[in-house]
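There are 2 protein chains.
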Amino acid sequence: MANKTLKERIIDTALHLFEQYGYHGVTVDRIVTEINASKGGFYHNFKSKDELLYHIHDVFITYVLNKAQAAYENYKTPTERLCAIIQSFVKVFHLYKPHITVFYQESTYLKPEYSQKINEKRDEFKQVIFRVIREGIAAGEFRPELSVEITGMTIIGMVNWTYKWYKPEGPMTIEQIADYFIDFILHAVLTEEAKQKSENIIYFIKNKQASLRSF
Amino acid sequence: MANKTLKERIIDTALHLFEQYGYHGVTVDRIVTEINASKGGFYHNFKSKDELLYHIHDVFITYVLNKAQAAYENYKTPTERLCAIIQSFVKVFHLYKPHITVFYQESTYLKPEYSQKINEKRDEFKQVIFRVIREGIAAGEFRPELSVEITGMTIIGMVNWTYKWYKPEGPMTIEQIADYFIDFILHAVLTEEAKQKSENIIYFIKNKQASLRSF
DNA sequence: TGAAACAAACCAACTAGTCGGTCTTAAAAC
DNA sequence: GTTTTAAGACCGACTAGTTGGTTTGTTTCA
Chain A
3 MANKTLKERI IDTALHLFEQ YGYHGVTVDR IVTEINASKG GFYHNFKSKD ELLYHIHDVF
63 ITYVLNKAQA AYENYKTPTE RLCAIIQSFV KVFHLYKPHI TVFYQESTYL KPEYSQKINE
123 KRDEFKQVIF RVIREGIAAG EFRPELSVEI TGMTIIGMVN WTYKWYKPEG PMTIEQIADY
183 FIDFILHAVL TEEAKQKSEN IIYFIKNKQA SLRSF
Chain B
3 MANKTLKERI IDTALHLFEQ YGYHGVTVDR IVTEINASKG GFYHNFKSKD ELLYHIHDVF
63 ITYVLNKAQA AYENYKTPTE RLCAIIQSFV KVFHLYKPHI TVFYQESTYL KPEYSQKINE
123 KRDEFKQVIF RVIREGIAAG EFRPELSVEI TGMTIIGMVN WTYKWYKPEG PMTIEQIADY
183 FIDFILHAVL TEEAKQKSEN IIYFIKNKQA SLRSF
């Protein structure tokens with residue numbers, strides 16, 4: 003706490019207050035009081051309260067987008083890629099839960115200039131997922147009758163909803179939850195033929211992840 | 003418009019304004035100006051702005067809960083019940099999209115006394131779904147390795163997320179979306195044996211719905 | 001010494017809620 | 001059948017409190 007800059011302390015505090023009380027439920031005064039700082043310090047670091055909200059949005063969506071793109075590039079088959087994306091996506095909830103809560107509850111209140119920037123990245127993220135599904139169908143790994151968009155939004159929806167119930171101290175680790183989602187989704191999207199082969203893939207990814215953990 | 007009571011007009015207007023600008027993005031003044039009414043009229047019908055927010059929440063969750071309970075009672079097997087609940091749940095989005103948007107974006111701002119009442123009904127709703135899944139596993143229709151809670155939240159999550167992208171004028175009707183979700187979910191939860199039999203069930207429900215529509 | 005980082009008092013705008021009063025309607029009294 | 005009374009529905013100007021943002025002053029450090 004001591005060796006953090008004021009800006010970082012403001013963000014951290016705001017994040018947790020926003021998560022609990024909502025953007026409009028927290029005043030600038032309260033944020034600075036909480037860390038024994040002043041409004042002058044706040045407005046030295048941020049143009050406005052809106053900019054702080056934007057910053058929180060941006061940190062999260064940028065991280066998620068990069069992770070998804072990395073997951074796409076690190077694997078080759080659609081099934082592998084889908085698994086990797088879901089895994090990285092779900093794992094974000096462990097680190098960024100307050101960001102996510104703010105992201106999905108308060109984005110209405112972003113000023114147009116800000117929300118446009120955020121939406122661009124959000125769309126890019128969606129496109130990565132849509133693309134994987136499209137390629138999965140083309141490759142014969144995913145069921146041909148699937149709708150790319152709805153399947154994509156279904157996956158995004160079920161994963162995103164995690165922020166409503168996930169608790170770090172809960173009975174399941176974030177990795178277990180990720181595995182659960184992968185299992186659920188693969189059962190729903192894979193063709194019968196692909197399901198036979200997929201067991202190897204799933205184990206491959208799980209083990210890769212396990213080995214990464216031991217670093 | 004003319005033969006609606008002031009209270010109804012306030013709710014309708016507030017709903018659409020809240021959906022677009024958020025609870026805190028809309029003042030009481032704006033609501034009443036929009037319908038050529040007055041603040042006096044507003045506070046004659048509602049104790050506070052909070053009470054209006056509560057009212058919107060309550061209408062929605064009460065409706066959804068009743069529909070889920072009815073779906074449960076009207077069918078006998080877990081698979082049928084699950085299909086019926088999902089179908090009724092998804093169809094709510096057609097009528098209550100503004101309610102739902104407000105429900106999931108603004109519930110943070112409900113005063114404790116109000117949010118408690120809402121949460122009770124929300125929990126009841128979850129329990130209906132959990133119960134169906136639990137009974138489905140016990141009956142051997144759903145895969146035994148499923149987690150009741152996570153599967154339940156997964157289903158609730160993917161369906162709820164619909165409010166972020168569903169547009170009545172979009173390419174798919176709400177019934178088609180419901181069928182899509184049912185297909186997706188059944189692929190994920192049914193055992194191999196149950197999948198063989200399920201085709202009949204799905205057709206049964208779809209036809210029953212179709213015949214109801216012709217009334 | 002001067003610029004960046006922060007503090008503290010201050011301000012202007014906004015907004016939920018109030019309160020005295022008016023209009024309409026319908027029952028009660030005559 | 002007409003007048004009186006009363007109550008509910010609604011109006012709109014007003015207020016008190018809140019809150020984002022500013023201004024002016026002080027410290028720190030290169």
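So the sequence lines, in the order shown, correspond to chains A and B. To convert, take the position in the first sequence, counting from 1, and add 2; that gives the numbering used here. To convert, take the position in the second sequence, counting from 1, and add 2; that gives the numbering used here. Idealized CB from N, CA, C, for every residue including glycine. For clarity, every value in this text was computed on a predicted model and none was experimentally measured.
Asked: Would you say B:H57 lies against chain A (beta-carbon separation less than 8 Å)?; Found: no
Asked: Kindly indicate which three-state DSSP category B:S216 falls into: helix, strand or coil?; Found: Confidence in B:S216 is poor, its pLDDT being 33 and thus under 50, which makes the residue's placement unreliable; the coordinate value appears in the next sentence. B:S216: coil per DSSP, three-state reduction.
Asked: Taking the straight line between their C-alpha atoms, what separation do you get for A:Y25 and B:I120?; Found: 21 Å
Asked: Rounded to the nearest angstrom, what separates B:L175 and B:C85 at their Cα positions?; Found: Checking the displayed sequence, the identity of residue 175 of chain B turns out to be Thr instead of Leu. Distance between the alpha carbons of B:T175 and B:C85: 17 Å.
Asked: Please compile the residues from chain B whose C-beta is within a distance smaller than 9 Å of the C-beta of A:A39.; Found: Ordered by position in chain B, no residue passes the 9 Å Cβ test against A:A39, which lies about 25 Å from the chain.
Asked: Run down chain A in chain order and give the residues with a C-beta less than 8 Å from the C-beta of B:A190.; Found: F186, I187, H189 and A190
Asked: Between A:F44 and A:V28, is the Cβ-Cβ spacing less than 8 Å?; Found: no
Asked: So which residues of chain B does A:Q129 contact, with C-beta pairs closer than 9 Å?; Found: Here the premise fails: no neighbours, minimum Cβ distance about 14 Å.
Asked: So, A:F183 versus A:I88, is the Cβ gap smaller than 8 Å?; Found: yes
Asked: Using a Cβ-Cβ cutoff of 7 Å, what residues of the stretch 108–119 of chain B are near chain A? List them in chain order.; Found: T110 and Y111
Asked: Look at the alpha carbon of B:I13 and the alpha carbon of A:I12, and state the distance between them as a whole number of angstroms.; Found: 38 Å
Asked: Could you spell out where the alpha helix (DSSP H) holding A:P114 opens and where it closes?; Found: P114 to A140
Asked: Among the residues of its own chain, which have a CB less than 6 Å from the CB of A:Y77, if the five just before and after it don't count?; Found: R83 and A86
Asked: What residues in its chain sit with their C-beta under 6 Å from that of B:E143, if we drop five residues either side in the sequence?; Found: P80, T81 and A196
Asked: Buried or exposed: where does A:L188 fall if 16 or more other Cβ atoms within 10 Å of its Cβ makes it buried?; Found: buried
Asked: Taking 8 Å as the CB-CB limit, is B:S50 close to chain A?; Found: no
Asked: Would you please verify whether the beta carbon of A:T81 is less than 8 Å from any beta carbon of chain B?; Found: no
Asked: With distances taken between CB atoms, is the gap from B:T164 to A:F186 smaller than 8 Å?; Found: no
Asked: How would you call B:V22, buried or exposed, if buried means at least 16 neighbouring beta carbons within 10 angstroms?; Found: Sequence check: residue 22 of chain B is Gln here, not Val. Its Cβ having fewer than 16 others within 10 Å, B:Q22 is exposed.
Asked: Given this structure, state the Cα-to-Cα distance separating A:R133 from B:L19, to the nearest angstrom.; Found: 35 Å
Asked: Could you tell me whether the stretch 106–113 of chain B touches the stretch 52–72 of chain B, where touching means 3 or more Cβ pairs closer than 8 Å?; Found: yes
Asked: Please work out which residues of its chain come closer than 6 Å, Cβ to Cβ, to A:N52, disregarding the five sequence neighbours upstream and downstream, and give them in chain order.; Found: The sequence given here places Asp at residue 52 of chain A; Asn does not occur at that position. Only K113 meet the Cβ criterion.
Asked: How would you call A:S50, buried or exposed, if buried means at least 16 neighbouring beta carbons within 10 angstroms?; Found: exposed
Asked: Less than 8 Å between the CB atoms is what I'm expecting for B:Y168 and B:K93, so what's the real figure, rounded?; Found: Not quite, the Cβ-Cβ distance comes to about 11 Å (not below 8 Å), so this is no contact.
Asked: Quick one: which chain B residues come within Cβ less than 7 Å of A:G138?; Found: Near A:G138 there are no residues of chain B at all, since even the closest Cβ is about 15 Å away, more than 7 Å.
Asked: Taking 8 Å as the limit between beta carbons, can you name the residues of its chain near B:I158, skipping five residues before and five after?; Found: K128 and I131
Asked: Look at B:A39 and B:L17 and say whether their C-beta atoms are less than 8 Å apart.; Found: no
Asked: Between B:G154 and the rest of its own chain, which residues show a CB-CB distance below 8 Å, the 5 nearest in sequence each way excluded?; Found: K128, I131, F132 and I135
Asked: Alpha carbon to alpha carbon, how far is B:L214 from B:R124?; Found: Because the pLDDT of B:L214 is 37, which lies under 50, any placement of that residue in the model is unreliable, and the question is left without a value.
Asked: Have a look at B:I63, B:I179 and B:T64 and flag the residue whose alpha-carbon is nearest the alpha-carbon of B:M160.; Found: B:I179
Asked: Spatial neighbours of A:V150 within its chain, please: C-beta separation below 8 Å, excluding the five flanking residues on both sides.; Found: F132, I135, R136 and I139
Asked: Within 8 Å of any Cβ in chain A, is that where the Cβ of B:G232 sits?; Found: The question about residue 232 of chain B has no answer, for chain B in this structure spans 3 to 217.
Asked: Quick check on B:I88 - is its C-beta less than 8 Å from some C-beta in chain A?; Found: no
Asked: Taking Cβ-Cβ distances shorter than 8 Å, what residues in chain A pair up with B:N162?; Found: G159 and W163
Asked: Interface residues of chain A around B:T193 at Cβ under 9 Å?; Found: The premise fails here: B:T193 is roughly 11 Å from chain A at the closest Cβ pair, so nothing lies under 9 Å.
Asked: Can you tell me which of A:P170, A:E171, A:K166 and A:I152 puts its alpha carbon nearest to the alpha carbon of A:V191?; Found: A:I152
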